[in-house]
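K.L.:
So the sequence lines, in the order shown, correspond to chains A and B. Reminder that position 62 of the first sequence reads as 62 in full-length UniProt numbering, one-by-one numbering, no gaps. Reminder that position 62 of the second sequence reads as 62 in full-length UniProt numbering, one-by-one numbering, no gaps. Supplied in C-alpha cells, the structure appears directly below.
There are 2 protein chains.
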Amino acid sequence: MKHNGTSTPASEDYLKTIYAHTEWQPEPITPSALAARLGIAPSSVTEMVKKLAAAGLITHVPYGPLSLTPVGLLRASAVVRRHRLIETWLVREMGYDWDEVHDEAEILEHSLSDRLLDAIDERLGRPAVDPHGDAIPAADGSVTARAGLVAAEAGPGLVGVVLRISDRDPVVLRGLARDGIGPGTVLALLGPGVVRLLNGSIRHLTDAEAASIWLDAEPTDEPRAESKR
Amino acid sequence: MKHNGTSTPASEDYLKTIYAHTEWQPEPITPSALAARLGIAPSSVTEMVKKLAAAGLITHVPYGPLSLTPVGLLRASAVVRRHRLIETWLVREMGYDWDEVHDEAEILEHSLSDRLLDAIDERLGRPAVDPHGDAIPAADGSVTARAGLVAAEAGPGLVGVVLRISDRDPVVLRGLARDGIGPGTVLALLGPGVVRLLNGSIRHLTDAEAASIWLDAEPTDEPRAESKR
DNA sequence: CAGCATTTTTAGGCATACCGAAATTATACG
DNA sequence: CGTATAATTTCGGTATGCCTAAAAATGCTG
Numbered sequence: 001m002k003h004n005g006t007s008t009p010a011s012e013d014y015l016k017t018i019y020a021h022t023e024w025q026p027e028p029i030t031p032s033a034l035a036a037r038l039g040i041a042p043s044s045v046t047e048m049v050k051k052l053a054a055a056g057l058i059t060h061v062p063y064g065p066l067s068l069t070p071v072g073l074l075r076a077s078a079v080v081r082r083h084r085l086i087e088t089w090l091v092r093e094m095g096y097d098w099d100e101v102h103d104e105a106e107i108l109e110h111s112l113s114d115r116l117l118d119a120i121d122e123r124l125g126r127p128a129v130d131p132h133g134d135a136i137p138a139a140d141g142s143v144t145a146r147a148g149l150v151a152a153e154a155g156p157g158l159v160g161v162v163l164r165i166s167d168r169d170p171v172v173l174r175g176l177a178r179d180g181i182g183p184g185t186v187l188a189l190l191g192p193g194v195v196r197l198l199n200g201s202i203r204h205l206t207d208a209e210a211a212s213i214w215l216d217a218e219p220t221d222e223p224r225a226e227s228k229r
Numbered sequence: 001m002k003h004n005g006t007s008t009p010a011s012e013d014y015l016k017t018i019y020a021h022t023e024w025q026p027e028p029i030t031p032s033a034l035a036a037r038l039g040i041a042p043s044s045v046t047e048m049v050k051k052l053a054a055a056g057l058i059t060h061v062p063y064g065p066l067s068l069t070p071v072g073l074l075r076a077s078a079v080v081r082r083h084r085l086i087e088t089w090l091v092r093e094m095g096y097d098w099d100e101v102h103d104e105a106e107i108l109e110h111s112l113s114d115r116l117l118d119a120i121d122e123r124l125g126r127p128a129v130d131p132h133g134d135a136i137p138a139a140d141g142s143v144t145a146r147a148g149l150v151a152a153e154a155g156p157g158l159v160g161v162v163l164r165i166s167d168r169d170p171v172v173l174r175g176l177a178r179d180g181i182g183p184g185t186v187l188a189l190l191g192p193g194v195v196r197l198l199n200g201s202i203r204h205l206t207d208a209e210a211a212s213i214w215l216d217a218e219p220t221d222e223p224r225a226e227s228k229r
C-alpha cells in the first residue's frame with residue numbers, strides 16, 4: 001500500500017495550470033483550454049488526465065471538464081507556492097525585475113527541495129504576495145486573498161491601486177512595466193481602456209492589458225454591477 | 001546545420017562524472033566505473049556513450065575507456081561549476097552545512113539559468129573554491145587548482161591543513177564534520193589512518209575517510225615518494 | 001430534431017533513458 | 001597459447017510524455 005508518489009514536472013504543470021485557472025474564474029477548465037495553456041496537443045491532455053484522475057488528484061467525467069480534488073488542490077497550491085516564492089526571491093534578492101521572473105520560476109519550481117524553499121521563505125520574511133501581486137499559498141494550502149476588480153470590467157471614474165498583474169503574458173508584463181505600471185501603481189480609469197497615472201500621464205490599455213490588471217478598489221457607487229461573462 | 005543542442009540532465013550527469021573522475025586520477029574512466037558511479041546498469045552507459053560520442057562530446061573506442069573531447073570538457077566543467085557554486089551558495093547564504101549540500105546541488109545544477117547562476121556567483125564574490133575545498137571552474141572552463149596530497153597516501157609525521165574533502169560519500173562527510181574535520185582543519189598524521197587535531201584529540205580514519213581527505217602540505221622530506229596504484 | 005461543427009478520445013508512433021539477459025570481446029593466467 | 005573471467009555491447013522491454021490522424025461523442029443551430 002504505497003503512498004501514491006506521482007509527482008513529475010509534467011504532472012505538476014497540469015495541476016498548477018488547473019489551479020491557476022480556478023483562481024481567475026470559478027468554472028472548471030476544459031481539456032482543450034488546458035492543452036492551449038500548456039501548449040500541448042489535446043490528446044496528450046487526455047492521457048495525463050487519466051493518470052491524474054487515477055491518482056485521485058482530479059475528477060473528470062469523459063468529455064467533461066476537469067477539477068481538482070482536495071488532495072489535488074493541496075498539491076497544486078504547493079506548486080504555485082513554490083513558483084511565487086521563487087519569483088519573489090528572484091526580485092528581492094537576485095536582481096530580477098518583476099516582469100522577468102516567470103520563466104526561471106517555471107523551471108525551478110520543480111527542483112527545489114522543501115527545505116530550501118522554506119529557507120527562502122524565511123529569508124524573505126514569509127511574504128503573502130509575489131511581485132505580480134499574486135497571493136502566495138501557505139504551506140498548508142491556505143490562501144489569504146484580497147478582493148480585486150479586473151480593469152477591463154471596471155467602470156470609468158474608478159481610482160484604485162494595482163493589486164495584481166497576471167503574469168501569463170510576458171509581452172503585457174513588459175509593456176506595462178516599461179510605462180511604470182505595476183503592483184502598487186495608482187490608476188484612474190478615464191474610460192474603457194484608458195487610464196491616468198499619478199504623474200498625470202495618460203495610457204491606453206490593450207484588451208490583453210486591461211484583462212491582466214486587477215485593481216484594489218471599492219465599486220464606485222453602483223450596487224455591485226453584475227460581472228458579465 | 002543546427003548547433004548540436006544535446007543537453008539533458010542525464011547527459012550532464014554523465015559528463016560531470018567523467019570530469020570528476022579525471023580530477024582525481026589522470027587515467028580515463030571505464031564504462032563500468034561510470035555505471036557504478038552513476039548507479040545505473042552498464043548497458044545504459046553503452047547507450048548514452050554512443051550518443052555523447054556522436055555529439056562530439058566524448059571519445060570512445062569500443063570496449064575501451066572514455067574521455068572528454070575539448071568541447072565535452074567545456075560542457076562538463078560548466079556543470080561542475082554550477083554544482084559547486086550552488087553548494088557554496090547553500091552554505092554561505094541558505095543555512096546549509098557543508099556536508100548537507102550535495103543532493104540539493106545535484107538537482108539544481110540542471111535547472112538554473114546562466115543568468116541566475118551569474119547572479120549567485122556575483123553575490124558570493126566569485127569564489128574560487130566550494131565548501132568542500134573543490135575548485136570552482138571559471139565560466140571559460142579554466143581552473144586554478146591547488147596541489148594536494150591524499151591523506152591515505154601521505155607519510156606519518158606530516159602536518160597539514162585540510163584542503164579538500166571529497167563529497168562523494170555523504171557518510172564520510174557527516175562523520176568527519178561531526179568530529180570537526182573539514183576544509184581548513186589542521187591535522188597531524190600520526191600513522192596510517194590516525195590523526196591528531198589541533199585541540200589534541202586523536203581520530204582514527206576509515207579507509208574511505210583517509211581517501212577522501214586532501215592535505216595542503218609539502219611532502220615531509222623524502223624525495224617525492226612514488227604514489228602507488 | 002437532425003445534421004454539422006467542435007471537442008474529446010482512441011490508436012499508433014517517436015524519443016529519452018532506463019532495465020535484465022544473452023552474446024561478444026578483451027585480458028589475464030596457468 | 002588457449003581458455004576462463006571480466007568487461008562491454010547487443011537485444012528485446014518498460015515507463016514517461018509528447019505527437020498526428022482518425023474515430024467518437026457532444027451540443028448547437030437551423
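We put the CB at the ideal spot given by N, CA and C, even for glycine.
Using a C-beta to C-beta distance shorter than 8 Å, which residues of chain B count as neighbours of Ser111(A)?
P.N.:
Within 8 Å Cβ-Cβ: Ile107, Leu108, His110 and Ser111.
K.L.:
Is it the case that the stretch 197 to 212 of chain A contacts the stretch 144 to 156 of chain A, given that we only count it when at least three CB pairs across the two stretches are under 8 Å?
P.N.:
Yes, they touch.
K.L.:
Counting only the same chain and skipping the five closest in sequence on each side, list residues whose C-beta sits under 6 Å from that of Val194(B).
P.N.:
So the list reads His204, once near-sequence residues are dropped.
K.L.:
What is the DSSP secondary structure of Val172(B), reduced to helix, strand or coil?
P.N.:
Residue state, collapsed to three classes: helix.
K.L.:
Report the option in Leu38(B), Arg37(B), Ile18(B) and Leu85(B) whose CA atom is closest to the CA atom of Leu57(B).
P.N.:
Closest by alpha carbon: Ile18(B).
K.L.:
Taking C-alpha atoms, which residue in Thr22(B), Ser77(B), Ile165(B) and Glu87(B) lies nearest to Gly182(B)?
P.N.:
Among Thr22(B), Ser77(B), Ile165(B) and Glu87(B), the Cα nearest to that of Gly182(B) is on Ile165(B).
K.L.:
Any beta carbon from chain A within less than 8 Å of Glu87(B)'s own beta carbon?
P.N.:
Cβ-Cβ to chain A under 8 Å: no for Glu87(B).
K.L.:
Strictly below 7 Å CB to CB, what residues from chain A border Met94(B)?
P.N.:
Under the 7 Å cutoff, chain A gives Leu116 and Ala119.
K.L.:
If contacts are defined as beta-carbon pairs under 8 Å, then Val101(B) and Pro131(B) qualify, I think. What distance do you get, rounded to the angstrom?
P.N.:
Yes, Val101(B) and Pro131(B) are in contact; Cβ-Cβ is about 7 Å, under 8 Å.
K.L.:
Pair every Cβ in the stretch 118 to 138 of chain B with every Cβ in the stretch 89 to 108 of chain B, then say whether three or more of these pairs are closer than 8 Å.
P.N.:
Taking 8 Å as the limit for Cβ pairs, the verdict is that the stretch 89 to 108 of chain B does touch the stretch 118 to 138 of chain B.
K.L.:
Kindly indicate which residue of Leu197(A), Ala147(A), Ala78(A) and Pro170(A) has the alpha-carbon position closest to the one of Ser11(A).
P.N.:
Minimum Cα distance to Ser11(A) is reached at Ala78(A).
K.L.:
Does the beta carbon of Thr220(A) sit closer than 8 Å to a beta carbon anywhere in chain B?
P.N.:
The predicted position of Thr220(A) is uncertain, since its pLDDT is 48 and thus under 50; a value taken from the coordinates is nonetheless stated next. It does not; no Cβ of chain B falls within 8 Å.
K.L.:
Quick check on the burial criterion: 16 or more other C-beta atoms within 10 angstroms. Buried or exposed for Pro137(B)?
P.N.:
By the neighbour-count rule (16 or more Cβ atoms within 10 Å), Pro137(B) is buried.
K.L.:
Which chain B residues are close to Glu104(A), counting only those with a beta carbon under 7 Å from its beta carbon?
P.N.:
What Glu104(A) touches in chain B: Ser113 and Leu116.
K.L.:
What do you reckon, are the CB atoms on residue 230(B) and Leu187(B) nearer than 8 Å?
P.N.:
Any question about residue 230(B) goes unanswered here, given that chain B covers just 1 to 229.
K.L.:
Rounded to whole angstroms, what is the Cα-Cα separation between Val129(A) and Ala135(A)?
P.N.:
The straight-line gap from Cα to Cα measures roughly 4 Å.
K.L.:
What residue does the beta strand (DSSP E) around Thr59(B) start on, and which one ends it?
P.N.:
Per DSSP, Thr59(B) belongs to the beta strand (DSSP E) from Ile58 to His60.
K.L.:
So, Pro28(A) versus Val45(A), is the Cβ gap smaller than 8 Å?
P.N.:
Contact flag unset, no.
K.L.:
With H, G and I counted as helix, E and B as strand and the rest as coil, what does DSSP make of His204(A)?
P.N.:
The answer is strand: DSSP assigns His204(A) an E or B state.
K.L.:
According to the neighbour-count rule (16 or more other Cβ atoms, all chains shown, within 10 Å of its Cβ), is Ser142(A) buried or exposed?
P.N.:
When all chains shown are included, Ser142(A) counts as exposed.
K.L.:
Tell me the residue span of the beta strand (DSSP E) that contains Leu215(B).
P.N.:
Leu215(B) -> beta strand (DSSP E) spans Ile213 to Asp216.
K.L.:
Considering only C-alpha positions, which residue in the set Leu52(A), Pro65(A) and Ala147(A) is nearest to Thr8(A)?
P.N.:
The candidate whose alpha carbon is nearest that of Thr8(A) is Leu52(A).
K.L.:
Mind checking which residues open and close the alpha helix (DSSP H) that includes Arg123(B)?
P.N.:
Segment Asp114 to Arg123, the alpha helix (DSSP H) holding Arg123(B).
K.L.:
Nearest to Leu38(B) by alpha carbon, out of Gly184(B), Ile213(B), Arg168(B) and Arg174(B)?
P.N.:
Here the closest residue by C-alpha is Arg168(B).
K.L.:
Give me the residue from Pro127(A), Glu106(A), Ala145(A) and Ala147(A) with the minimum Cα distance to Lys16(A).
P.N.:
Of the listed residues, the one whose Cα sits closest to Lys16(A) is Glu106(A).
K.L.:
Looking only at DSSP bridge pairs, what is Arg164(B) linked to?
P.N.:
Paired residues: Trp214(B).
K.L.:
What are the start and end residues of the beta strand (DSSP E) that includes Leu198(A)?
P.N.:
That residue, Leu198(A), is in no beta strand (DSSP E); it is neither H nor E in DSSP.
K.L.:
Can you list, in chain order, the residues of its chain whose CB lies under 8 Å from that of Pro42(B), leaving out five sequence neighbours each side?
P.N.:
Closer than 8 Å at Cβ, skipping near neighbours: Pro31, Ser32 and Ala35.
K.L.:
Which residues bound the beta strand (DSSP E) around Gly191(B)?
P.N.:
Residues Val186 to Gly191.
K.L.:
In the structure shown, what three-state DSSP assignment does Arg224(A) receive?
P.N.:
Model confidence at Arg224(A) stands at a pLDDT of 39, short of 50, so the residue's coordinates are unreliable; what they give is reported in the following sentence. DSSP places Arg224(A) in coil when its eight states are reduced to three.
K.L.:
Suppose you measure from the CA of Gly157(A) to the CA of Gly200(A); what does that come to, to the nearest Å?
P.N.:
One C-alpha to the other measures close to 15 Å.
K.L.:
Note down the Cα distance separating His21(B) from Asp13(B), rounded to an integer number of angstroms.
P.N.:
If I take the Cα positions, the gap works out to 12 Å.
K.L.:
Near Leu108(B), which residues of its chain fall below 8 Å by C-beta distance, leaving aside the five closest residues on each side in sequence?
P.N.:
So the list reads Arg82 and Ile86, once near-sequence residues are dropped.
K.L.:
Which residues in the same chain as Gly184(B) place their Cβ atom closer than 7 Å to its Cβ, once the five residues preceding and following it in sequence are excluded?
P.N.:
Only Val161 and Val162 meet the Cβ criterion.
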